[in-house]
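In what follows, a structure is listed as structure tokens, so that the remarks can point back to it.
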Amino acid sequence: MAIAVASATPWRGAGRPWVNKAAAAPAAPVTAKAGEFSPAGPNDFRGPCPMMNTLANHGFLPHDGRNITRETAIKALGQGINFDPALAGLMWDQAIFINPEPNATFFTLDMLNVHNVLEHDASLSRQDAKFGNNHVFDPMIFAQSAMYFTDKVMTPVHMANAKIQRQLTSKATNPEYRFTDHIENFSLGEIAAPFLVFGDIKARTVDRDTVISFITNEKLPDGFKPQSTPVTLQQVGDMVMACKNATNLFTKDAGAAPAPGFNTNHKRSATGFGHGMAW
Numbered sequence: 001m002a003i004a005v006a007s008a009t010p011w012r013g014a015g016r017p018w019v020n021k022a023a024a025a026p027a028a029p030v031t032a033k034a035g036e037f038s039p040a041g042p043n044d045f046r047g048p049c050p051m052m053n054t055l056a057n058h059g060f061l062p063h064d065g066r067n068i069t070r071e072t073a074i075k076a077l078g079q080g081i082n083f084d085p086a087l088a089g090l091m092w093d094q095a096i097f098i099n100p101e102p103n104a105t106f107f108t109l110d111m112l113n114v115h116n117v118l119e120h121d122a123s124l125s126r127q128d129a130k131f132g133n134n135h136v137f138d139p140m141i142f143a144q145s146a147m148y149f150t151d152k153v154m155t156p157v158h159m160a161n162a163k164i165q166r167q168l169t170s171k172a173t174n175p176e177y178r179f180t181d182h183i184e185n186f187s188l189g190e191i192a193a194p195f196l197v198f199g200d201i202k203a204r205t206v207d208r209d210t211v212i213s214f215i216t217n218e219k220l221p222d223g224f225k226p227q228s229t230p231v232t233l234q235q236v237g238d239m240v241m242a243c244k245n246a247t248n249l250f251t252k253d254a255g256a257a258p259a260p261g262f263n264t265n266h267k268r269s270a271t272g273f274g275h276g277m278a279w
């Protein structure tokens, strides 16, 4: 996945100019030892990503949300949730473009609030930027999403259903709704993340209460243990594809009789509309 800077003038949050406080002042002392939970204070930076916020709340990332270098990110993602160094490095590479400074070597969590770069409309747990705060957890928004977590053990279908309803709601209510192929890639990665971090990757399942608690509190579960082997880019790709397939609203033909005049021998092409969709 690639990231392109949305504009030459970055913005922090919704409607407020972004100010690079990290460059103007030294990083504040970390207030949490790695692994210990300590929620963000009033001077700590946080962004729209629950996982990055969680890693900061637990002290794997700098607790103040500042000065996230490539080395820092790789170490945090490895120690906190056992992401393979190659995967962690790629994630940082995709995010560093959010810092507008030439040849930047760090970013801060609040830089991720820039709309339509990483942060986007139809979040499962945040408001659209059009309506206010696009990076702080919104319980009403998330309650709408969690309505689709209908089983104690969740599959990609549950996350996909929540994602679809948020897109429909946002499209219907937000006159500035925007959701491109680029954003779709990030959105699918977001709904894949709980399975990769907290779930059974092979079975593609995850405990519902764990997901709800994590997104709500930006806190790792009590007694949390990362995956026994490092999470790889291949596993991410496979889980993203499973989530993408789960967004398909069509069902398989159960053998119903074809409509009169329908040519059952017609072969669909894999090239596009009029010749069939990709299969």
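Numbering-wise (the numbering used here), the sequence shown opens with residue 1 and increments by one.
Here a beta-carbon is modelled for each residue, glycine too, at the ideal position from N, C-alpha and C.
| task | Pick helix, strand or coil for H115, following the three-state DSSP scheme. | result | Strand at H115.
| Between which two residues does the alpha helix (DSSP H) carrying E190 extend? | That run of the alpha helix (DSSP H) goes D181 to F198.
| task | Pull up the DSSP beta-bridge partners for Q107, would you. | result | Residue identity check: residue 107 is Phe in the sequence provided, not Gln. F107 is bridged to I68.
| Distance, D138 Cα to G59 Cα | Cα to Cα, the separation comes out at about 23 Å.
| query | Is the segment 61-74 touching the segment 145-161, taking contact as three or more C-beta pairs under 8 Å? | reply | Between the segment 61-74 and the segment 145-161, the count of C-beta pairs closer than 8 Å stays below three; the two stretches do not touch.
| Sequence-distant residues of the same chain with beta carbon closer than 6 Å to P230, five excluded per side | Hits under 6 Å: N82 and D84.
| task | Taking T155 as the reference, give the member of F250, L124, A192 and R178 with the closest Cα. | result | Ranking the options by Cα distance to T155, first place goes to A192.
| said: My output table needs one value for T150: the three-state DSSP class, helix, strand or coil. | reply: Three-state DSSP puts T150 in coil, outside helix and strand.
| query | Taking the C-alpha atoms as reference points, what is the distance between A76 and D200? | reply | Answer to the nearest angstrom: the Cα atoms are 22 Å apart.
| query | Nearest to V197 by CA position, among A172, L188, N174 and K225, is which residue? | reply | Of the listed residues, the one whose Cα sits closest to V197 is K225.
| Anyone know if the C-beta pair for G247 and I164 falls short of 8 Å? | The sequence shown places Thr at residue 247, not Gly. Yes, the pair counts as a contact, with Cβ atoms nearer than the cut-off.
| Buried or exposed: which applies to G41, given that a residue is buried once 16 or more other Cβ atoms fall within 10 Å of its Cβ? | Its Cβ having fewer than 16 others within 10 Å, G41 is exposed.
| So what's F142 in DSSP terms, helix, strand or just coil? | F142 carries a helical assignment under DSSP once its states are collapsed to helix, strand and coil.
| Which listed residue (V157, F97, Y177 and N43) has its alpha carbon closest to that of F250 | Measuring from the Cα of F250, the nearest candidate turns out to be V157.
| field | Check whether N134 and P48 have beta carbons under 8 Å apart | value | Yes, these two residues count as a Cβ contact at 8 Å.
| Alpha carbon of E119 to alpha carbon of Q167, nearest angstrom | Rounded to whole angstroms, the gap between the alpha carbons of E119 and Q167 is 14 Å.
| Given a threshold of 16 other Cβ atoms within 10 Å of its Cβ, counted over all protein chains shown, does E218 qualify as buried or as exposed? | With 16 or more Cβ atoms within 10 Å of its Cβ, E218 is classed as buried.
| request: Starting from K367, follow the alpha helix (DSSP H) in both directions and report where the run begins and ends. | output: What the structure shows of the chain is the stretch from 1 to 279, and residue 367 is not part of that stretch, so it cannot be assessed.
| Per DSSP, V231 is paired with what? | Partner(s): F83.
| Taking 8 Å as the CB-CB limit, is Q234 close to chain D? | The displayed structure is made up of one protein chain only, and chain D is not part of it.
| Given a threshold of 16 other Cβ atoms within 10 Å of its Cβ, counted over all protein chains shown, does G80 qualify as buried or as exposed? | G80 is buried by the Cβ-count criterion.
| said: Can you give me the C-alpha to C-alpha distance between D93 and T108, rounded to a whole angstrom? | reply: So the alpha carbons of these two residues sit roughly 14 Å apart.
| query | Measuring CA to CA, which of I74, P50, R46 and M51 is closest to D64? | reply | For the residues I74, P50, R46 and M51, the minimum Cα distance to D64 belongs to R46.
| Within 8 Å, strictly: CB atoms of I215 and S125 | Yes, the Cβ-Cβ distance between I215 and S125 is below 8 Å.
| query | When we look at the beta-carbon of T105 and count the other beta-carbons within 10 Å, is it buried (16 or more) or exposed? | reply | Here T105 is exposed, its C-beta having fewer than 16 other C-beta atoms within 10 Å.
| query | Smallest Cα separation from A160: which of L61, C243, M51 and M239? | reply | It is C243.
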